[in-house]
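A quick write-up on the structure given underneath.
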Amino acid sequence: MTVPADSATDTASLVEASPAPAAPKLSAFRRVVVKVGSALLVDQQRGALRHAWLAALAEDVAQLHREGKEVLVVSSGAIALGRNVLKLPKRPLKLEESQAAAAVGQIALARAWSEALAHEGVAAGQILITLGDTEERRRYLNARSTIAKLLELKVVPVINENDTVATSEIRYGDNDRLAARVAGMTSADLLILLSDIDGLYTAPPNEDPNATLIPVVPRITAEIEAMAGGAGTELSRGGMKTKVEAAKIATTAGAHLVIASGKVKNPLRAIETGARCTWFLAPANPVASRKRWIAGALEPRGTLHLDAGAVAALRRGSSLLPAGVARVEGDFSRGDAVILRGPDGAEVGRGLVAYDHDHAERLKGRSSDEIVTITGFEGRAAMVHRDDLVLGGG
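Numbering (the working numbering), first residue to last: 353 to 746.
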């Protein structure tokens, strides 16, 4: 977190001169991703899990659940736990040592989360993700579908980078940015980064007694980015720099992001009751951001021609079912953008198709009940789900 001395002063003046918007309330959000770092979850001296702290966080997660919120957890800690079990030296680990530590630690980490949440009456499910799972289309869609089903079943997905197989060339390297990608993938409207610092300051607070906390960041400017710095602890691979980068990813996807201290018990309750923290505000909600992305940022790979009944159903807010598709054009794959046209040839909208061209061709005009018989697998009932659909070209 390095800022030239005069720059920190200028930024502080800028912050004071511009009245910031009010900070949001945690209760206002629908789908929340909570990122927990190794330095919070694992005692650095003993290499052991902080069970009491995790139990208190599980209480917070369960309370959000009871309030009807959907909660996902992105949790570090596998390597930190595994290196203690394997008694690996306290130096930077070689890649194969990190992978071995992760293999051992992932079991312990998953058990700890499962037991802590089960004590609160909440089920947990483990998902291990690599960079490729959020970059390659099919794997992205598969991960997204799995997480969506877990949330539908009232399960808390506990997500971590799959360090057992990730190499230095194909890994995130920190869970801040992974959490931001997960927030975008799942259309979350809030990402909480629990940290060993309670927010973004105008200068390093441990070096500058005049450093001030910035409670709300309406937009990430060059001045804001200049406040970011390196990693803070041995166990943590992410510092303020990665948190600001995560904020850029999350807010672009339509999710607000908050950096808050995880050094207290019940850290989510603390945020709700007004604890010091920094909010990065998104310009639009995740649904609106996703719709804009579908409408304008993707190159359509094909066209679905619909009958009049399907067009009317879409206008009422329904998904596009195979029965409403009269003709299929183009060479597209599952997850590609397609144009939807009505009987008169006019564009009705655009969306992400749930089937490859060959399957779509075979399913057109047929009932959703016939999908298994026709394709040989249990596919989605909709050809284009309403969450992946934009009407009227935008």
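Using N, Cα and C, we set each Cβ at its ideal position, and we do this for glycine too.
Between which two residues does the beta strand (DSSP E) harbouring residue i extend?
| i | result |
| --- | --- |
| R642 | Premise fails: R642 lies in the alpha helix (DSSP H), P638 to R644, not in any beta strand (DSSP E). |
| T630 | C629 to F632 |
| L741 | L741 to L743 |
| R435 | Premise fails: R435 lies in the alpha helix (DSSP H), A430 to V437, not in any beta strand (DSSP E). |
| V474 | Where V474 is concerned, there is no enclosing beta strand (DSSP E), given that its DSSP letter is neither H nor E. |
| E422 | E422 to S427 |
| V736 | Unbroken run through V736: none, as it is neither H nor E. |
| E575 | From DSSP, E575 is part of no beta strand (DSSP E) but of the alpha helix (DSSP H) over A574 to A578. |
| S613 | H608 to S613 |
| L692 | A689 to R693 |
| I566 | Premise fails: I566 is in no beta strand (DSSP E) and is neither H nor E. |
For residue i, which of helix, strand or coil comes out of DSSP?
| i | result |
| --- | --- |
| Q396 | coil |
| T486 | helix |
| R383 | strand |
| G389 | coil |
| S588 | Interpretation of S588 is limited by its pLDDT of 40, a score under 50 that renders its predicted location unreliable; the figure taken from the coordinates is listed afterwards. Note: S588 maps to coil in three-state DSSP. |
| G701 | strand |
| I549 | coil |
| P674 | helix |
| E597 | helix |
| V680 | strand |
| N512 | strand |
| A616 | First, the residue type needs correcting, since residue 616 is Val and not Ala in the sequence shown. Residue state, collapsed to three classes: coil. |
Assuming residue i is part of the alpha helix (DSSP H), what are its boundary residues?
| i | result |
| --- | --- |
| E651 | Neither: E651 is in no alpha helix (DSSP H) and is coded neither H nor E. |
| G536 | N527 to M537 |
| H403 | H403 to R418 |
| G661 | A660 to R667 |
| R621 | P619 to E624 |
| E713 | H709 to L715 |
| I723 | I723 to T727 |
Below 8 Å on the Cβ atoms is my contact criterion, and I expect residue i with residue j to pass it. Report the Cβ-Cβ distance as a whole number of Å.
| i | j | result |
| --- | --- | --- |
| A462 | Q478 | 5 Å |
| V677 | G717 | 6 Å |
| A563 | A574 | Incorrect: roughly 19 Å between the Cβ atoms, too far for contact. |
| G591 | P638 | That pair is no contact at about 26 Å. |
| L392 | G614 | 4 Å |
| Q397 | A430 | At roughly 19 Å, the Cβ-Cβ gap does not stay under 8 Å, so Q397 and A430 are not in contact. |
Counting only the same chain and skipping the five closest in sequence on each side, list residues whose C-beta sits under 8 Å from that of residue i.
| i | result |
| --- | --- |
| P567 | A372, A375, G551, R628, C629, T630 and W631 |
| D762 | Absent from the structure is residue 762, since the part of the chain shown begins at 353 and ends at 746. |
| E699 | I691, L692, R693 and G745 |
Excluding the 5 residues preceding and the 5 following residue i in the sequence, name in chain order all residues of the same chain whose CB lies nearer than 7 Å to its CB.
| i | result |
| --- | --- |
| V616 | A622 |
| N514 | L480, I481 and T482 |
| E411 | E472 and N618 |
| G661 | G676 |
| A734 | S671, L672, L673 and A706 |
Cutting at 6 Å between CB atoms, please list the residues of its own chain near residue i, excluding the five before and the five after it.
| i | result |
| --- | --- |
| A634 | T603, G606, A607 and H608 |
| V610 | I544, C629 and W631 |
| W465 | A476 and V510 |
| S427 | V388, V510 and N512 |
| D395 | R402 |
Inspect the CB distances between the segment 386-397 and the segment 599-608 and report whether three or more fall short of 8 Å. no
Original post:
Do three or more CB pairs link the segment 727-745 to the segment 650-667 at distances below 8 Å?
Top reply: yes
Original post:
Can we say the segment 488-498 touches the segment 435-445, given the rule of at least three CB pairs closer than 8 Å?
Top reply: no
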